[in-house]
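Q: I'd like to ask you about the structure that follows.
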Amino acid sequence: MKNLRGPLLILLSSLLFSTTGTLQQVAPAGNTPIVITEIRMLLGAITLFLWCFFTKQFPFNMKKVAWKALFTAVIAVLLYQIFFFSSVGKLGVAVGSVISIATTPIWAAILAFLLYKSKPSFFWTIATFLAIIGVVLINSAGTSSGEAIGWALLLPILAGLSYAVEIIFIGQVVKNISPENAMLLEMSFVSLLLLPVIFFYPLDWIFTTQGILVSLGLGVITAGIAFPCFVGGLKLTSPIVAATLALTEPLMATALGIFFLHEPITMNMSIGIVCLISAVAVLVFENKKG
1 MKNLRGPLLI LLSSLLFSTT GTLQQVAPAG NTPIVITEIR MLLGAITLFL WCFFTKQFPF
61 NMKKVAWKAL FTAVIAVLLY QIFFFSSVGK LGVAVGSVIS IATTPIWAAI LAFLLYKSKP
121 SFFWTIATFL AIIGVVLINS AGTSSGEAIG WALLLPILAG LSYAVEIIFI GQVVKNISPE
181 NAMLLEMSFV SLLLLPVIFF YPLDWIFTTQ GILVSLGLGV ITAGIAFPCF VGGLKLTSPI
241 VAATLALTEP LMATALGIFF LHEPITMNMS IGIVCLISAV AVLVFENKKG
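Here it is as structure tokens:
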């Protein structure tokens, strides 16, 4: 069961992350990707600060923090937020999500090889192949509009690269401190770097009922809870496996749409779901075997 804890935490984080794009889409008019990012990171940091305070995780030894890895992860997650939310704004939730998420494990494998000479396993190759096919099939309806062309396609690709960099380097940070402390530091630095944006972009949409609910959803659920779950799973799972497991995020989003919004399910979606479940089963089997 201990070997399964890492994958299960990553799958839980995928469920929480799956609401991110939709929350941005239902945000009131006037929202911008950079303000969405700042609100998400700021409220996420506050959530984690309260959690660490009440669970008595303060103080922690700052000398144990891998600062170079942390700051690399900070820049990466900052770029990811901007690239991802910009891609969702330009291409829509389905297209932006499918490209960014599908490219992440490929980038993670490339980075792991370049940095650590770590080669993906046979099981990972099979699982990633199945998962990418599944993600594409699930989102095929959203990617057929013909709008996802030109330079805008670079946004989700760069989002995938940024996410892979964050996965690799935050994995180094959590070797010495808890996932909650690691993400508290990361989100605090990102929110501080972005703080000046509040003086240059409209914020009135935040102070509406819908804006408050969207902000809380982004900050508490998709940041304050989801990121520590993911990083906690990353502490027990290799980065390239974690990146592939994160491909289940569109599966979670699709399931929410089917069961709670009563969206129709197509043949492509059905096959895609089977592919993703098979990919997860392969990785869980490998992790349990290991």
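Under UniProt numbering, the sequence shown has 108 at position 108, and the numbering climbs by one with no breaks. Yeah, the Cβ is synthetic: ideal placement off N, Cα and C, and Gly gets one too.
Compute the Euclidean distance between the alpha carbons of I99 and Q25, then round it to the nearest angstrom.
A: Answer to the nearest angstrom: the Cα atoms are 17 Å apart.
Q: Going by alpha carbons, who is nearest to S191 out of F60, V282, I170, A223?
A: Among F60, V282, I170, A223, the Cα nearest to that of S191 belongs to A223.
Q: Per DSSP, what kind of secondary structure is Y80 in: helix, strand or coil?
A: Three-state result, Y80: helix.
Q: Considering only C-alpha positions, which residue in the set S97, A164, T37, M252 is nearest to V241?
A: V241 has its Cα closest to that of A164, out of S97, A164, T37, M252.
Q: Quick check on DSSP: helix, strand or coil for L216?
A: Helix at L216.
Q: Give the range of the alpha helix (DSSP H) segment to which A45 is assigned.
A: Start and end: 33-54.
Q: With distances taken between CB atoms, is the gap from A279 to L130 smaller than 9 Å?
A: For A279 and L130, yes; Cβs fall inside 9 Å.
Q: Assess contact between the region 214-232 and the region 43-56, defined as three or more Cβ pairs (one per stretch) separated by less than 8 Å. Is contact present?
A: Touching, per the Cβ criterion.
Q: Going by alpha carbons, who is nearest to V197 out of M252, P33, G6, F85?
A: Among M252, P33, G6, F85, the Cα nearest to that of V197 belongs to P33.
Q: Measure how close the beta-carbons of L16 and L245 come, nearest whole angstrom, since I'm counting them as under 8 Å.
A: No, L16 and L245 are not in contact; Cβ-Cβ is about 14 Å, not under 8 Å.
Q: Assign A281 to buried or exposed, taking buried as 16 or more other Cβ atoms, counted over all protein chains shown, within 10 Å of its Cβ.
A: With fewer than 16 Cβ atoms within 10 Å of its Cβ, A281 is classed as exposed.
Q: Starting from I168, trace the alpha helix (DSSP H) in both directions and tell me its first and last residue.
A: 154-173 is the span of the alpha helix (DSSP H), which, as asked, contains I168.
Q: Give every residue of the same chain whose Cβ lies closer than 7 Å to the Cβ of E186, excluding the five residues on either side of it in the sequence, and list them in chain order.
A: Closer than 7 Å at the Cβ level, and outside the excluded window around E186, lie L70, A73, V74, V77, I170.
Q: Going by other Cβ atoms of all chains shown within 10 Å of its Cβ, with 16 needed for buried, is Y116 buried or exposed?
A: So Y116 counts as exposed.
Q: In whole angstroms, give me the CA-to-CA distance for P67 and E166.
A: The amino acid occupying residue 67 in the given sequence is Trp; Pro does not appear at that position. In a straight line, the C-alpha of W67 is about 13 Å away from that of E166.
Q: Could you give the C-beta distance for A108 and P239, rounded to a whole number, given that I count them as a contact under 8 Å?
A: About 5 Å separates the two Cβ atoms, so the contact holds.
Q: Is it buried or exposed, C275, if we count other Cβ atoms within 10 angstroms and call 16 or more buried?
A: Counting Cβ neighbours within 10 Å, C275 comes out buried, since at least 16 surround it.
Q: So is S13 buried or exposed if we call it buried at 16+ other beta carbons inside 10 Å?
A: It counts as buried.
Q: Buried or exposed, going by whether 16 or more other CB atoms sit within 10 Å of the CB of Q81?
A: It counts as buried.
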